[in-house]
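Student:
Below, the structure written as structure tokens:
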């Protein structure tokens, strides 16, 4: 019995010793991946175990919250991007609608002014000068930043060249609109791609690719057919519209650097300020042409009064056409900066169609069947040319 008792005592001692070894041995916490020091006492051990058990449990919702926050931020960024994209589209749509509307208002008031006062040189100059207080007011109110030109950059010469051609574009178009129907003038002006292709080739030797050149054929055919069958055809209207095309094409060939690389010439030369400076220079160039008609101002004005027009009506249409002209061109500049070549082609095509319809509805312009067919062919050819040119440029 004494022997058995001694054995039991020894076993208990060994067990206690083993337990002590286990408790005194550091262990690996699988949740964190690092060694944890052994507890000093039972109470400390229990506290440590509770803290170890509670630590990972607290981390799970934090990680989940972080993931949720990340997801929400991504969704918010995506939503902001979509909203920004939608606002850009709405802004562009508003600009294009404004461009069309102001263009229509200009053509209506311009034609009425010319019907009252057949003084195209004077009216074109007045319209250009009316734009000057508009952009000065925009600068004064901070709507547009005041531009500054770099000394020695040649900015003045570049703007002068652009301004001279711009004056030619406007003066010739006003002469044409005074001599013929709005619809006919804009059909002839649809032939501008033809003059552009010719002038670019003569100036720089740049040949139009064959697929693009093929699209010039319907333009030439359409303008020719519309001219032959135009009921109110006059050579002055046709010549004025073609000269306007030539000036516009020349502006692109000789003075395009100012519009394409404005940062080389100064600061704050965005689309609005480019047009403001063009307007100022063009107004100066048109002043001598205005004075050509000085001797007949009084007689023409009195004749308008005798025909039943009032001074208020005359001023309304002359000054109003100048306001619409400046605003529609500024909006057009802003719109076209945001459009790719294909969209530009579509926008210009729709604009011409709108002006033809306005000519029919407001002024009662009439078409023969062949004249209408020629107009449709010319407008369609203009669209195809711009579309092909844009696609060819993108692919090459």
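Numbering (the numbering used here), first residue to last: 2 to 397. Cβ atoms here follow ideal geometry from the backbone N, Cα and C, with glycine treated the same way.
Rounding to the nearest angstrom, what Cα-Cα distance links residue 128 and residue 392 in this structure?
Tutor: 37 Å
Student: My guess is that residue 173 and residue 253 are in contact by the Cβ rule of under 8 Å, so how many angstroms apart are they, rounded?
Tutor: Contact annotation, residue 173 with residue 253: C-beta distance approximately 15 Å; criterion of less than 8 Å not satisfied.
Student: Would you list the one or two residues that DSSP bridges to residue 149?
Tutor: 268
Student: Hey, out of 194, 88 and 150, whose CA is closest to residue 266's CA?
Tutor: 150
Student: Quick one: Cα of residue 115 to Cα of residue 224, how far?
Tutor: 24 Å
Student: Tell me which residues share the same chain as residue 198 and place their Cβ nearer than 6 Å to its Cβ, disregarding the 5 neighbours each side in the sequence.
Tutor: Cβ within range, chain order: 209.
Student: Whole alpha helix (DSSP H) runs in the segment 105 to 168 with 4 or more residues, listed along the chain?
Tutor: 121 to 141
Student: At what residues does the alpha helix (DSSP H) containing residue 330 begin and finish?
Tutor: 312 to 338
Student: Out of curiosity, what's the CA-to-CA distance linking residue 157 and residue 301?
Tutor: Straight through space, the alpha carbons of residue 301 and residue 157 are spaced by roughly 37 Å.
Student: Looking only at its chain, what residues have a beta carbon closer than 8 Å to the beta carbon of residue 283, apart from the 5 residues adjacent to it on each side?
Tutor: By the criterion of a C-beta distance shorter than 8 Å, residue 283 is surrounded in its chain by 129, 164, 165, 167, 168 and 171, once the five residues flanking it on both sides are discounted.
Student: Are the segment 182 to 196 and the segment 141 to 149 touching by the rule of at least three beta carbon pairs closer than 8 Å?
Tutor: no
Student: At the level of alpha carbons, what is the spacing between residue 227 and residue 358?
Tutor: 15 Å
Student: Please tell me whether residue 292 has its Cβ less than 7 Å away from any Cβ of chain B.
Tutor: Going by chain labels, chain B is absent from the structure shown, which holds only one protein chain.
Student: Between the C-alpha atoms of residue 145 and residue 200, what's the straight-line distance to the nearest angstrom?
Tutor: 34 Å
Student: Under a three-way DSSP split, which group does residue 210 fall into?
Tutor: Looking at residue 210 - three-state DSSP - the assignment turns out to be coil, as it is neither helix nor strand.
Student: By the 10 Å Cβ neighbour count, where 16 or more other Cβ atoms means buried, how is residue 303 classified, buried or exposed?
Tutor: exposed
Student: Counting pairs of beta carbons, one from the segment 204 to 222 and one from the segment 377 to 391, are three or more of them closer than 8 Å?
Tutor: yes
Student: Suppose only complete runs of 4+ residues qualify. What are the alpha helix (DSSP H) ranges in the segment 231 to 317, listed by chain order?
Tutor: At a cut-off of 4 residues, the continuous stretches assigned as alpha helix (DSSP H) that sit fully inside the segment 231 to 317 are 236 to 255, 257 to 261, 272 to 293 and 298 to 307.
Student: Compute the Euclidean distance between the alpha carbons of residue 377 and residue 207, then round it to the nearest angstrom.
Tutor: 29 Å
Student: Could you name the residues of the same chain whose beta carbon sits closer than 6 Å to that of residue 250, not counting the 5 residues immediately before and after it, in chain order?
Tutor: Excluding residues within five positions, the ones whose Cβ falls inside 6 Å are 196, 197 and 200.
Student: So the candidates are 175, 94 and 136; which of them puts its Cα closest to the Cα of residue 327?
Tutor: For residue 327, the closest of 175, 94 and 136 by C-alpha to C-alpha distance is 136.
Student: Mapping the DSSP letters down to three states, classify residue 182 as helix, strand or coil.
Tutor: coil
Student: Given residue 272, which residues of its chain have a CB within under 6 Å of its CB, disregarding the five upstream and five downstream residues?
Tutor: 334, 335 and 338
Student: So, is residue 98 buried or exposed, given that buried needs 16 or more other C-beta atoms within 10 angstroms?
Tutor: exposed
Student: The alpha helix (DSSP H) with residue 197 in it runs from where to where?
Tutor: 193 to 205
Student: Once DSSP output is grouped into helix, strand and coil, what is the label at residue 67?
Tutor: Reduced to three states, the DSSP call for residue 67 is helix.
Student: Is DSSP giving residue 217 helix, strand or coil here?
Tutor: helix
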